[in-house]
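These notes are about the structure you will find just below.
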Amino acid sequence: MAGKRTMTLNLTEGEMRVLEELSIQKDISKTAVLRQSLRLYQLMQIRLSRGEKLFFESGETKEKSELMVI
Amino acid sequence: MRSHIGTYDLLNRLTTKFEEGQLYQGLNEKNLTDFELHWKPLLAQKRQRSTREELLTANAQDAHWDWVRKELAWGHLLAYEGFAVEAEGMTQGLMYLNKTRFSRLAGQLGAPLVYVESLASAPWNRHGFIGKPKYKGVGQLLIQAAISLSFTEEFKGRISLHALPQSENWYREVLGMIDLGPDPDYKNLKYFEMASDQALRLTR
Chain A
1 MAGKRTMTLN LTEGEMRVLE ELSIQKDISK TAVLRQSLRL YQLMQIRLSR
51 GEKLFFESGE TKEKSELMVI
Chain B
1001 MRSHIGTYDL LNRLTTKFEE GQLYQGLNEK NLTDFELHWK PLLAQKRQRS
1051 TREELLTANA QDAHWDWVRK ELAWGHLLAY EGFAVEAEGM TQGLMYLNKT
1101 RFSRLAGQLG APLVYVESLA SAPWNRHGFI GKPKYKGVGQ LLIQAAISLS
1151 FTEEFKGRIS LHALPQSENW YREVLGMIDL GPDPDYKNLK YFEMASDQAL
1201 RLTR
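The listed protein sequences correspond, in order, to chains A and B.
Residue numbering for the first sequence follows this note's numbering, beginning at 1 and increasing consecutively.
Residue numbering for the second sequence follows this note's numbering, beginning at 1001 and increasing consecutively.
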């Protein structure tokens, strides 16, 4: 893995709570949650910049709902 | 950026001696040139002259994969990691992993895992493709790298993939991955997962 750099992160109580919840749910550290978030955000940004849309599909009904991202 | 992960033994079936194989994280220009100049012509020729059934028995169902395009599409993204195996100055195996997928397996549903987007050994290492395949162990080494990355990412060794029919048995019988059946959302290819306990067994 490439060299790592350290940064200080200031989060609100609510943001920290969500980060902790995700960390517990996914059984990974808070740093790993943030890494995953960054990867997904980059992927999403690239697809959206091509004019594509982001949808969630219901596993049962196959109904699609667009995730509005600006 | 490419980094050298380590040196591992590969069995040269032609000499029955072990030779050093180098495992790299990240693909470089040489890997892509090796693919273009040495892999692709063989795969293209096989594809042109074979029926679907013949491609299956020749272990060449990936003959349409273009690793240069994969590198262009994924090489700059944080979600993906490329790996290459080299021996005798030649690229012997290539793999691309995706680190943003989640488990579908009961008991670890929704847990993050490393998804194997594409994995291929050089055509001359494949049974069925040529009479006497050369190196044994390239695919296994790449799968070990996927498991290792999964541990590094705190995913506890969990990996998954969609298998081409030619490779289903290897993933099921040799690696002991769990077969979750055909995936209608992915060309009906069978979806396999490796749980943490099996990953631990394989890396011991």
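C-beta atoms are modelled at their ideal positions from N, C-alpha and C, and glycine is treated no differently.
The structure displayed is predicted, hence computed values, not measured ones.
Alpha helix (DSSP H) segment containing residue i, residue limits
| i | result |
| --- | --- |
| F56(A) | Note, F56(A): premise wrong, no alpha helix (DSSP H); beta strand (DSSP E) at F55 to E57. |
| Q25(A) | E13 to K26 |
Bridge-paired residues (DSSP) for residue i
| i | result |
| --- | --- |
| A32(A) | The partner list for A32(A) (beta bridge, DSSP) is empty, contrary to what the question assumes. |
| A1120(B) | L1094(B) |
| R1101(B) | L1113(B) |
| E1020(B) | D1009(B) |
| E969(B) | Residue 969(B) lies beyond the residue range present for chain B, which begins at 1001 and ends at 1204; the question has no answer from this structure. |
| I1147(B) | Note: I1147(B) sits in no beta bridge, so no partner. |
| K1136(B) | L1011(B) |
| Q1025(B) | S1003(B) and F1083(B) |
| I1130(B) | H1127(B) |
Host beta strand (DSSP E) of residue i (start-end)
| i | result |
| --- | --- |
| A1163(B) | I1159 to A1163 |
| K1187(B) | Counting along the chain, K1187(B) falls outside any beta strand (DSSP E), and DSSP gives it neither H nor E. |
| S65(A) | K64 to E66 |
Residue nearest to residue i in terms of C-alpha spacing, selected from the options
| i | options | result |
| --- | --- | --- |
| T1203(B) | L1175(B), H1038(B), L1189(B) and D1183(B) | L1175(B) |
| V1068(B) | L1113(B), T1033(B), A1199(B) and G1157(B) | T1033(B) |
| Q1166(B) | S1148(B), L1077(B) and A1058(B) | A1058(B) |
| A32(A) | L1113(B), N1012(B) and I1178(B) | L1113(B) |
| D1009(B) | F1102(B), G1021(B), M1001(B) and T1016(B) | G1021(B) |
| L1200(B) | N1028(B), I1143(B) and R1049(B) | I1143(B) |
| Q1092(B) | R1049(B), T1100(B), N1098(B) and F1083(B) | F1083(B) |
| M1177(B) | Y1186(B), K1187(B) and S1196(B) | S1196(B) |
| R47(A) | A1073(B), N1028(B) and K1046(B) | A1073(B) |
| I1130(B) | K1046(B), K1187(B), L1164(B) and T1007(B) | K1046(B) |
| A1063(B) | G1075(B), A1087(B) and F1035(B) | F1035(B) |
| N1028(B) | L1042(B), R1002(B), D1179(B) and K1017(B) | R1002(B) |
| D1179(B) | A1163(B), K1187(B) and Y1186(B) | A1163(B) |
| G1107(B) | L1055(B), M1194(B) and Q1048(B) | M1194(B) |
| L43(A) | K1099(B), N1188(B), W1039(B) and L1055(B) | K1099(B) |
| Q36(A) | Y1186(B), K1017(B) and R1101(B) | R1101(B) |
| V27(A) | F1192(B), Y1186(B) and F1155(B) | Note that residue 27(A) is Asp in the sequence shown here, rather than Val. With distances taken between Cα atoms, D27(A) lies closest to F1155(B). |
| A1146(B) | P1041(B), E1071(B), E1173(B) and G1026(B) | G1026(B) |
Alpha-carbon spacing of residue i relative to residue j, whole angstroms
| i | j | result |
| --- | --- | --- |
| L127(A) | E1153(B) | Outside the displayed range of chain A (1 to 70) lies residue 127(A), so it cannot be described from this structure. |
| G1089(B) | E13(A) | 54 Å |
| E21(A) | R1158(B) | 21 Å |
| G1110(B) | L1014(B) | 44 Å |
| V1085(B) | E1053(B) | 28 Å |
| K1190(B) | Y1171(B) | 10 Å |
| Y1135(B) | P1123(B) | 10 Å |
| L9(A) | A1079(B) | 22 Å |
| Y1024(B) | P1184(B) | 34 Å |
| L1011(B) | M1095(B) | 19 Å |
| Q992(B) | K30(A) | As shown, chain B starts at 1001 and ends at 1204. That puts residue 992(B) outside it, with no answer to give. |
| L38(A) | L1077(B) | 10 Å |
| L1161(B) | R1104(B) | 11 Å |
| Q1061(B) | Q25(A) | 38 Å |
| R5(A) | L34(A) | 14 Å |
| L1097(B) | S1148(B) | 12 Å |
| G51(A) | Q1198(B) | 41 Å |
| I1005(B) | K62(A) | 43 Å |
| P1133(B) | S1121(B) | 11 Å |
| G3(A) | E1081(B) | 15 Å |
| G1075(B) | G1128(B) | 31 Å |
| N1125(B) | Q45(A) | 39 Å |
| L11(A) | F1151(B) | 28 Å |
| L19(A) | V1116(B) | 27 Å |
| G59(A) | T1007(B) | 44 Å |
| V1138(B) | A1087(B) | 10 Å |
| E1071(B) | L1056(B) | 25 Å |
Listed by chain order, chain E residues near residue i by CB distance under 7 Å
| i | result |
| --- | --- |
| P1112(B) | No chain E appears in this structure, whose protein chains are A and B. |
Cβ-heavy atom distance, residue i to the ligand COA, below 7 Å
| i | result |
| --- | --- |
| R1002(B) | Looking for the ligand COA in the displayed structure turns up nothing, as the structure carries no ligands at all. |
Taking the runs of the beta strand (DSSP E) that are 3 residues or longer, which of them lie wholly in the stretch 1049-1087 of chain B? 1080-1087
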